[in-house]
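K.L.:
Sharing a structure here in structure tokens format.
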Amino acid sequence: MDLLRSHEAPGQRSSDAQSQPPTYHEHAPLVSSEMASDAHTALNTDGQQPGEGYPYANEQEQSIHPYGEHEPATTKPERTWPRNGVRSSRLALWEWKWEFLSMVLSMACFAAIIIVLLYERDRALSDWHFTIAPNTLVSVFSTLTEAGFMLTTVACVGQLKWIYFSRSSRRLRDYDYFQEATEPIGALRFIWTINIRAKLAVVGSVIALLSLAVGAFTQQIISYSLRWVPASEYADRVTFGSSNAYDSGIGLYRQTAVDGDGNLNSVNTVMAEQVQSSMTGAIMSGLYDLDTSINVACPTGNCTWAPFTTLGISAQCLNVTTNMTATKPSYNGLVGYTYTLPGNVSFDMTVGVTSSEGAIATSFRSVTHTGWNYSANWVEPTLVKLYAVNVPVSGAGDSDDPIPLEWAETEGIECTIGWTALHYQNLSVVNGVFEPGLTTEYALVAVPIPGETKYDNDDIDDEYYVNSKFAIAAPDNSSGNASFYINPNDHAFIIQQLNGSLATTSDADAGKALLSSSNLTERIQNITTAMSYIVAQNPNATSVYGTALAQESRFWVARPE
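Under the working numbering, the first residue of the sequence shown carries the number 36, and numbering increases by one thereafter.
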């Protein structure tokens, strides 16, 4: 088939194809933008000046024809076209070499952005060792990507402009629309006016509009976030006390004496010079709601520990108010009630009445029972059982109109204080504040030590009790260590301290401290918590190492969810 087509009426073919000028052909050289610097003369093939031979040259709405108003004469000088179509195609492609290079540069820079983002995602800022910041590097690559892409887009829209005008008569102002098609406002006008008449050119305008947002969104791709990360330089300085045995080194000996009937009586006595003052201090700090000493080391102020189990002391308290019974005995000049708790412990709560001073009440009373078993060489996990009654009294009266003790205002408490296994989870220090996390208590049972002999109560010689062994009553996979040892001498000493502090009335300082508490159960638990921290600091304690945390700036790459 000939590369040249005649420009005749439909249905006719020229006998001499070379005598007619060629129409647009796919192998013809592409039209350059310099060939139409002036829209009024670029397509005037007769060589006429603007206005000559064009009936609408002086009107506002003008049209551009592919060959002017009339077809060119057949006598126009013949143009020689390349005979080799492949060579012509290669020459045409070579004219686009800069556009191809710009696209290669654009894609390479876009790939570089992806590589930088993938490499730096969730990495520490300290790992970046280049002078230029990551945001700046991404911004540079983004600018190059946009520039290369827009260079090709502008060239394509320019070529599509001439194809658009070569196919049929067009309005002259469409030329201006094409000229501004890659500018922000011009792109909007081009899309609105030209739309589907030049589909590919409209795509170029859309690309030009979208390119405006590239720079803004690029700045949002990388940001920085502060995260808590392990600080390895403090690995051996983050500690918390833990113990599987409690033995402060105090001794217990038997004192014998002859009573009035001539019988020998033995009394177990803790050696005064070996009394552990820290345990006494823990009881007092919990009783009076003071700060508790905690054996924790966290140099950064933020640390965490893995779950672990340690020996401790806990309190199991029940409000037995609804299960109490009350009787009203008669006293000379006094009125009151006798309260009996479910543990078969009774309290006489009395109110003295005078005409001038009003009511004088014994409003708080508590007693303790020990869990010590003197007939064996081991002790029970229970230290003491606390029974307490709190009777708020208000108002005044006289002997003829005594103050009633309202049942609804009376509170009865039973607490069992004893040894336990404490399993800590999520124990941490946050901004310098100790957080115990989730603490699970496991009940203990006494386990006789094989090969040891029981203590002989008839033996009046001074001797020490043997150590005692305890085990978790119902261990599970999360309870951790299941075996613990306690020196019975320490057991006896703690019982003495608890008896002296908790068996009291509202007339004593300890009773006033318990009475002033809005939550008696919480106050008792504060005491046992402070005692547990002391157990973790005894001479047999070990250190549980944790992880120090420090803030570190890290890259955060925004990505769609």
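Note that CB positions come from ideal geometry on N, CA and C, so glycine has one too.
1) What are the start and end residues of the beta strand (DSSP E) that includes residue 343?
2) If you drop the 5 nearest sequence neighbours on each side, which residues of the same chain put their C-beta closer than 7 Å to that of residue 314?
3) Under three-state DSSP, which class holds residue 158?
4) Counting beta carbon pairs with one atom in the segment 319-335 and one in the segment 449-457, are three or more of them shorter than 8 Å?
5) Using 8 Å as the threshold, is the segment 547-559 in touch with the segment 329-336, meaning 3 or more CB pairs across them?
6) In chain order, what residues of the same chain have a beta carbon less than 6 Å from the beta carbon of residue 134, not counting five sequence neighbours either side?
7) Of the choices 415, 316 and 582, whose alpha-carbon is the least far from that of residue 536?
8) Return the Cβ separation of residue 375 and residue 360 in integer angstroms, given the expectation that the two are a contact with Cβ distance under 8 Å.
9) Restricting to Cα atoms, I'd like to know which of 508, 454, 405 and 339 is closest to residue 465.
10) From the DSSP output, read off the bridge partner residues of residue 384.
11) Run through DSSP, which three-state label would residue 462 get?
12) Pull up the distance between the alpha-carbon of residue 242 and that of residue 463, whole angstroms please.
13) According to the Cβ coordinates, are residue 285 and residue 511 closer than 9 Å?
14) Rounded to whole angstroms, what's the CA-CA distance from residue 348 to residue 401? Just pull it up for me.
15) From residue 38 to residue 145, what distance separates their C-alpha atoms?
16) How is residue 570 classed by DSSP in three states: helix, strand or coil?
17) Which residue or residues does DSSP assign as beta-bridge partners of residue 591?
18) Does DSSP put residue 263 in a helix, a strand or coil?
19) Compare the C-alpha of residue 559 against each of 538, 336, 469 and 270 and name the closest.
20) Since I believe residue 156 is in contact with residue 590 (beta carbons under 8 Å), could you give me their beta-carbon distance rounded to a whole number of angstroms?
21) For residue 335 and chain D, any beta-carbon pair shorter than 9 Å?
22) So, for residue 517: in the same chain, excluding its five sequence neighbours on each side, which residues have a beta-carbon less than 6 Å away from its beta-carbon?
23) Going by the DSSP bridge assignment, what does residue 480 pair with across the sheet?
24) Taking buried to mean at least 16 other C-beta atoms within 10 Å of its own C-beta, is residue 255 buried or exposed?
25) Determine the DSSP secondary structure at residue 358, reduced to helix, strand or coil.
26) Identify the continuous alpha helix (DSSP H) that holds residue 181 and give its terminal residues.
27) Which residues bound the beta strand (DSSP E) around residue 521?
28) With DSSP as the reference, label residue 333 as helix, strand or coil.
29) For the alpha helix (DSSP H) that contains residue 418, what are its first and last residues?
30) So, are the CB atoms of residue 173 and residue 139 less than 9 Å apart?
31) Using a Cβ-Cβ cutoff of less than 6 Å, which residues in the same chain neighbour residue 362 once the five nearest sequence positions on both sides are dropped?
32) Which residue marks the beginning of the alpha helix (DSSP H) containing residue 315, and which one marks its end?
33) Does DSSP put residue 275 in a helix, in a strand, or in coil?
34) Relative to the C-alpha of residue 416, which residue among 425, 426, 482 and 380 is closest?
35) To the nearest angstrom, how far is the alpha carbon of residue 258 from that of residue 478?
36) How would you write the range of the beta strand (DSSP E) that residue 578 sits in, first residue to last?
P.N.:
Short version:
1) 343-354
2) 529, 532, 566 and 569
3) coil
4) no
5) no
6) 187 and 190
7) 316
8) 5 Å
9) 339
10) 372
11) coil
12) 54 Å
13) no
14) 20 Å
15) The predicted position of residue 38 is uncertain, since its pLDDT is 34 and thus under 50; a value taken from the coordinates is nonetheless stated next. Straight-line Cα distance between these residues: approximately 41 Å.
16) helix
17) 258
18) strand
19) 538
20) 6 Å
21) Absent from the structure is chain D; it holds one protein chain and no more.
22) 506, 507 and 510
23) 506
24) exposed
25) helix
26) 169-202
27) 518-521
28) coil
29) Residue 418 -> not in any alpha helix (DSSP H); beta strand (DSSP E) instead, spanning 417-425.
30) no
31) 373
32) 312-322
33) strand
34) 482
35) 51 Å
36) 577-580
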